[in-house]
Amino acid sequence: MKKVIVALFLFIVSLALVRCSNREEKVDVGEEKEQEAEIVDLSQIEEKYDRELLNFSRSVLAGVLQSGSHSGLSSDNPYKYLHYGVFVTLKKDGELRGCIGCVYPSSTVEREVSDMTVAAALNDPRFKPVSPDEVRDIETEISILYNIHSIRSIDELTLKRDGIIVRYKDRMGVLLPQV
485 MKKVIVALFL FIVSLALVRC SNREEKVDVG EEKEQEAEIV DLSQIEEKYD RELLNFSRSV
545 LAGVLQSGSH SGLSSDNPYK YLHYGVFVTL KKDGELRGCI GCVYPSSTVE REVSDMTVAA
605 ALNDPRFKPV SPDEVRDIET EISILYNIHS IRSIDELTLK RDGIIVRYKD RMGVLLPQV
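If you count the sequence shown from 1, you need to add 484 to reach my numbering.
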């Protein structure tokens, strides 16, 4: 199973779903934007680039908590240039250890993965910061958000494939497909 989960996210406005999906994931709540014009079929990106992105996230985590440095993605990796929302999920012994992301990117996937890896490790308010001793036991998952659009009915959702963004007034919540 690929650790980089390419998630088709759907935008839903429904009070009923807000009540049912009262999640605590931290998301950037900004003005709603149209998806970037650079539409890429992410399923066609070679798996080696997915692995490199995952290793990059692990390198960032180790760099921030242990060595102080990390390397970037190779220049031919498309994630170095694409702009998509990203969530980074950290697990230890199969249990959630941190999860933070942004729905609407302010930078490239590479930069968002770097920033969200650090935030998930150090700033998720549900957990104590990840310690340097924990780094070797942390599993990383990356969810890339693309094809964000409104739906009219919950019947349009496919479980374990589609994520859900729920918005009510000035609040937003995200349910990742693997949750």
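Virtual Cβ for every residue (Gly too), placed ideally from N, Cα, C. None of these values were measured; they are calculated from a predicted model.
Rounded to whole angstroms, Pro-562 and Tyr-533 show a C-alpha spacing of 8 Å.
For Thr-642, the secondary structure class from DSSP, reduced to helix, strand or coil, is coil.
Counting C-beta atoms within 10 angstroms of its own C-beta, Gly-585 has 16 or more neighbours from the protein chains shown and is therefore classed as buried.
Taking one beta carbon from each stretch, the segment 608-621 and the segment 592-599 have fewer than 3 pairs nearer than 8 Å; the two do not touch. Shortest Cα-Cα distance from Pro-661 to any of Thr-642, Lys-653, Glu-594, Tyr-652 involves Thr-642. Per the coordinates, the alpha-carbon of His-567 lies some 14 Å from the alpha-carbon of Ile-529. Between Ala-605 and Leu-545, the C-beta gap is smaller than 8 Å, which places the two residues in contact. In this structure Ile-626 touches Leu-538 by the C-beta definition: roughly 6 Å separates them, less than 8 Å. Here Arg-581 is buried: its Cβ has 16 or more other Cβ atoms, across all protein chains shown, within 10 Å. Rounded to whole angstroms, the Cβ separation of Phe-540 and Leu-526 is 16 Å, and the two are not in contact under 8 Å. Considered as a whole, the segment 585-638 harbours 593-606 as its complete alpha helix (DSSP H) runs of no fewer than 4 residues, in chain order. In the structure shown, Leu-574 adopts extended strand secondary structure according to DSSP, grouped into three states.
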